[in-house]
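Q: Protein sequence lines correspond, in order, to chains A and B. To convert, note that position 20 of the first sequence is 910 in my numbering; the numbers rise steadily by one, no gaps. To convert, note that position 57 of the second sequence is 583 in my numbering; the numbers rise steadily by one, no gaps.
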Amino acid sequence: MNEELDSQLSAMFDNELPDAECELLARRLSRDPDLKARWGRYAVIGAVIRAERGVTLDGTMAGRVSAALSSEPALTGAGGAQASDRGLRSRWWQPVAGAGLAAGVAVASILWVRSQALPGGQNVMAPAMIASTATLAAPAAQSALQNASLAAPDSFVVPPVQQRPMMVVPATELADYVVAHSAFSWPVSRGNLLSALMVSEPGTSSTPVRSDQPVPGVQGNAIQNPK
Amino acid sequence: MSADASDLSLVRRVQRGDKGAFDALVLKYQHKLVKLVMRYVRNPAEAEDIAQEAFIKAYRALPQFRGDSAFYTWLYRIAINTAKNAVVSRDRNPVEYDLDRSNTDESYDMQGRMKDSETPEGLVLTDEIRSTVNAAIEALPEDLRTAIVLRELEGLSYEEIAAAMACPVGTVRSRIFRAREAIDGRLREIFEGGLGRAEELG
Chain A
891 MNEELDSQLS AMFDNELPDA ECELLARRLS RDPDLKARWG RYAVIGAVIR AERGVTLDGT
951 MAGRVSAALS SEPALTGAGG AQASDRGLRS RWWQPVAGAG LAAGVAVASI LWVRSQALPG
1011 GQNVMAPAMI ASTATLAAPA AQSALQNASL AAPDSFVVPP VQQRPMMVVP ATELADYVVA
1071 HSAFSWPVSR GNLLSALMVS EPGTSSTPVR SDQPVPGVQG NAIQNPK
Chain B
527 MSADASDLSL VRRVQRGDKG AFDALVLKYQ HKLVKLVMRY VRNPAEAEDI AQEAFIKAYR
587 ALPQFRGDSA FYTWLYRIAI NTAKNAVVSR DRNPVEYDLD RSNTDESYDM QGRMKDSETP
647 EGLVLTDEIR STVNAAIEAL PEDLRTAIVL RELEGLSYEE IAAAMACPVG TVRSRIFRAR
707 EAIDGRLREI FEGGLGRAEE LG
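#1: Could you check if aspartate 909/A is buried or exposed, using at least 16 other CB atoms within 10 Å of its CB as the buried criterion?
#2: Rounded to whole angstroms, what's the CA-CA distance from glutamine 541/B to leucine 559/B? Just pull it up for me.
#3: Run through chain A and tell me which residues come within less than 8 Å of isoleucine 604/B, C-beta to C-beta.
#4: At 8 Å on the CB atoms, spell out the chain A contacts of valine 659/B, in chain order.
#5: Looking only at C-alpha atoms, which of Gln578/B, Leu562/B and Val567/B sits nearest to alanine 937/A?
#6: Please confirm if serine 595/B has its CB atom under 9 Å from at least one CB of chain A.
#7: Is any beta-carbon of chain A found at less than 9 Å from that of methionine 564/B?
#8: Can you list, in chain order, the residues of the segment 902-929 of chain A whose Cβ is nearer than 8 Å to any Cβ on chain B?
#9: Are three or more beta carbon pairs between the segment 668-680 of chain B and the segment 892-901 of chain A nearer than 8 Å?
#10: Verify the CB distance criterion: does alanine 609/B have a CB-CB separation below 9 Å to chain A?
#11: Using the Cβ count rule (16 or more neighbours within 10 Å means buried), how would you classify threonine 599/B?
#12: Note down, one range per segment and in chain order, each beta strand (DSSP E) of at least 3 residues found wholly within the segment 641-704 of chain B.
#13: Quick check: what's the CA-CA separation for leucine 965/A versus alanine 661/B?
#14: Does chain A have any CB closer than 9 Å to the CB of leucine 651/B?
#15: Which residues in the same chain as aspartate 948/A place their Cβ atom closer than 7 Å to its Cβ, once the five residues preceding and following it in sequence are excluded?
#16: Hey, arginine 586/B and serine 920/A: beta-carbon distance below 9 Å or not?
#17: What residues in its chain sit with their C-beta under 7 Å from that of glutamate 664/B, if we drop five residues either side in the sequence?
#18: Nearest chain B C-beta to serine 965/A closer than 9 Å, yes or no?
#19: Between which two residues does the alpha helix (DSSP H) carrying glycine 930/A extend?
#20: Using only the alpha-carbon positions, how far apart do alanine 584/B and aspartate 896/A sit?
#21: Kindly give me the distance between the Cβ atoms of valine 945/A and histidine 557/B, rounded to whole angstroms, as I take these residues to be in contact under 8 Å.
#22: Can you tell me which of the three DSSP states valine 567/B falls into?
#23: Starting from the beta carbon of valine 701/B, find every residue of chain A whose beta carbon is closer than 7 Å, and list them in chain order.
#24: Chain A partners of aspartate 549/B, CB-CB under 7 Å?
#25: Helix or strand or just coil, what does DSSP make of aspartate 575/B?
#26: When you compare only the Cα positions, how much space is there between aspartate 642/B and alanine 571/B?
#27: Looking at chain A, which residues of the segment 674-689 of chain B have a Cβ within less than 8 Å of any of its Cβ atoms?
#28: Which word fits arginine 732/B, buried or exposed, when buried means at least 16 other C-beta atoms lie within 10 angstroms of its C-beta?
#29: Between arginine 586/B and chain A, is there a C-beta pair that is closer than 9 Å?
#30: Please report the straight-line C-alpha distance between proline 589/B and alanine 998/A, rounded to a whole angstrom.
#31: Could you tell me how far apart the beta carbons of threonine 608/B and alanine 573/B are, in whole angstroms, since I believe they sit closer than 8 Å?
#32: Let me see if you follow: with CB-CB separation under 9 Å, is serine 897/A close to chain B or not?
Listed below in structure tokens is the structure:
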């Protein structure tokens, strides 16, 4: 019998062996009569050191218990299965609790950031973070961000939405188009089309344009880009 | 490493149908359990019977053992209840035991030891085991003797012994193992002479 195994057995007897080693040694212990006999002698040594008087040390009790249990059916592992079922039942809430905790932390972070962004609050975005955000934006937005951060360092910076370039239709082409199509339309709809074209232009009000008022951006038949 | 990982690993094996693992638990705790039961009944033979009954009850109840407490704590409770029930049962039928109680402690003890399963050979062997183990302990080097006594008599953990002896835990484990090996070398001669192997386990 090798010394390492005996050393493990001694440590296992004292409940001082790592769990992983216990599993393997327990298996061997339950099958190896020599190892079991040694295990039993370790128990005898302990009993003598503790001076357990009145206790017989011949080890016959284990034999008697074993003989009494020989007629008993072997356990079917129900206990282990029940224990693992119970473990599963008692652990179902753990992922739910984890997700809830994560959500709580996220909500708390958002609330905290928003409270910091209130007027009069401290700026929660570090300048470096602002700079890194700005580098991701378009050059125009980048300059706007830099201007914003310089002008109002205590405010929360929202990158402006990059505006789509407006489709610029040359005014003369549009006017020619309208005039050319006016030949095929009713006079009423023709007037409506022209006025609707002028009203839908940015910078104009939604109120109907009266014919006696000057239309911004429109000079004669030309429609200019308000920008 | 949990507090009673080795017991738990044996218990799990029993729960999976390995009766041999239960033998190891009986071998480990039989003396402690008899000593415990003797707080309730003074007759050693009766204490052994009660301890044996407690082990059988424990085996039958093992499917319900969850590992919430240490195995020995659980076994301890079963043994205490079995002993209390035995005392109640004995009090209901006091004739035999009243006679025993009239004896002196020594004669009572001897009478108890001679009952049932005990044999004169067994008693002689028990005395021989005691003297052999004590002699072997006396012959141990000081550091080995201190380590094994702190473990078995005081019940200290390896970590506590390491702190007490100002040495690493690995050294404690080695010292306790070597102490056991030295004692076991002497003890094996007695057991292999017929003791302990007469009734093959498992």
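All residues carry an ideal CB built from backbone N, CA and C; glycine is no exception.
A: According to the structure data:
#1: Counted from its first residue, the first sequence places residue 909/A at position 19. Burial call: exposed.
#2: For the purposes of this step, residue 541/B is taken as the residue at position 15 of the second sequence. For the purposes of this step, residue 559/B is taken as the residue at position 33 of the second sequence. Cα to Cα, the separation comes out at about 21 Å.
#3: Along the second sequence, read from residue 1 onward, the residue named residue 604/B stands at position 78. Result: empty, since nearest Cβ-Cβ is about 13 Å, beyond 8 Å.
#4: Locating residue 659/B in the second sequence gives position 133, where the first residue counts as 1. Per Cβ cutoff of 8 Å: Val934, Ile935, Val938 and Ile939.
#5: By one-based count along the first sequence, residue 937/A stands at place 47. Considering only alpha carbons, the answer is Leu562/B.
#6: The residue given as residue 595/B occupies position 69 in the second sequence. Closer than 9 Å: no.
#7: Reading the second sequence from its first residue, position 38 is the one you call residue 564/B. Methionine 564/B counts as touching chain A.
#8: Met902, Phe903, Asp904, Asn905, Glu906, Leu907, Pro908, Asp909, Cys912, Glu913, Leu915, Ala916, Arg917, Leu919, Ser920, Arg921, Pro923, Lys926, Ala927, Arg928 and Trp929
#9: no
#10: Position 83 of the second sequence, counted from the start, is the residue given in the question as residue 609/B. Not closer than 9 Å to any Cβ of chain A, the Cβ of alanine 609/B fails to qualify, so no.
#11: On the second sequence, position 73 is the one that residue 599/B refers to. Threonine 599/B comes out exposed.
#12: none
#13: Here the question's residue 965/A lines up with position 75 in the first sequence. Here the question's residue 661/B lines up with position 135 in the second sequence. C-alpha separation (whole angstroms): 42 Å.
#14: Walking along the second sequence from the start, residue 651/B turns up at place 125. Yes, leucine 651/B lies at the interface with chain A (some Cβ there is under 9 Å from its Cβ).
#15: Numbered from 1 along the first sequence, position 58 holds the residue referred to as residue 948/A. Cβ within range, chain order: n/a, list empty.
#16: Numbered from 1 along the second sequence, position 60 holds the residue referred to as residue 586/B. Numbered from 1 along the first sequence, position 30 holds the residue referred to as residue 920/A. Contact flag unset, no.
#17: Translated into positions along the second sequence, residue 664/B becomes position 138. Correct list: empty, nothing qualifies.
#18: As a working note, residue 965/A is residue 75 in the first sequence. The residue asked about is misnamed: residue 965/A is leucine in this sequence, not serine. So, interface residue.
#19: Position 40 of the first sequence, counted from the first residue, corresponds to residue 930/A. Residues 923-939.
#20: By one-based count along the second sequence, residue 584/B stands at place 58. By one-based count along the first sequence, residue 896/A stands at place 6. Distance between the alpha carbons of alanine 584/B and aspartate 896/A: 28 Å.
#21: On the first sequence, residue 945/A is found 55 positions in, with the first residue counted as 1. On the second sequence, residue 557/B is found 31 positions in, with the first residue counted as 1. Contact holds; Cβ gap of about 5 Å.
#22: Walking along the second sequence from the start, residue 567/B turns up at place 41. Coil.
#23: Numbered from 1 along the second sequence, position 175 holds the residue referred to as residue 701/B. Per the sequence shown, residue 701/B should be read as arginine rather than valine. Chain A residues near arginine 701/B: none, gap ~10 Å exceeds 7 Å.
#24: Position 23 of the second sequence, counting from 1, holds the residue named residue 549/B. Per Cβ cutoff of 7 Å: Lys926, Ala952 and Ser956.
#25: The residue given as residue 575/B occupies position 49 in the second sequence. Aspartate 575/B: helix per DSSP, three-state reduction.
#26: The residue you call residue 642/B lines up with position 116 of the second sequence. The residue you call residue 571/B lines up with position 45 of the second sequence. For aspartate 642/B, the pLDDT reaches just 46, beneath the cut-off of 50, and the residue's location in the model is therefore unreliable, leaving the point undetermined.
#27: Ile674, Val675, Arg677, Glu678, Leu679, Ser683 and Tyr684
#28: As shown, chain B starts at 527 and ends at 728. That puts residue 732/B outside it, with no answer to give.
#29: The residue you call residue 586/B lines up with position 60 of the second sequence. Taking Cβ atoms only, chain A reaches closer than 9 Å to arginine 586/B, which makes this a yes.
#30: On the second sequence, position 63 is the one that residue 589/B refers to. On the first sequence, position 108 is the one that residue 998/A refers to. Rounded to the nearest angstrom, the two C-alpha atoms are 46 Å apart.
#31: By one-based count along the second sequence, residue 608/B stands at place 82. By one-based count along the second sequence, residue 573/B stands at place 47. That pair is no contact at about 11 Å.
#32: On the first sequence, position 7 is the one that residue 897/A refers to. Interface residue, yes.
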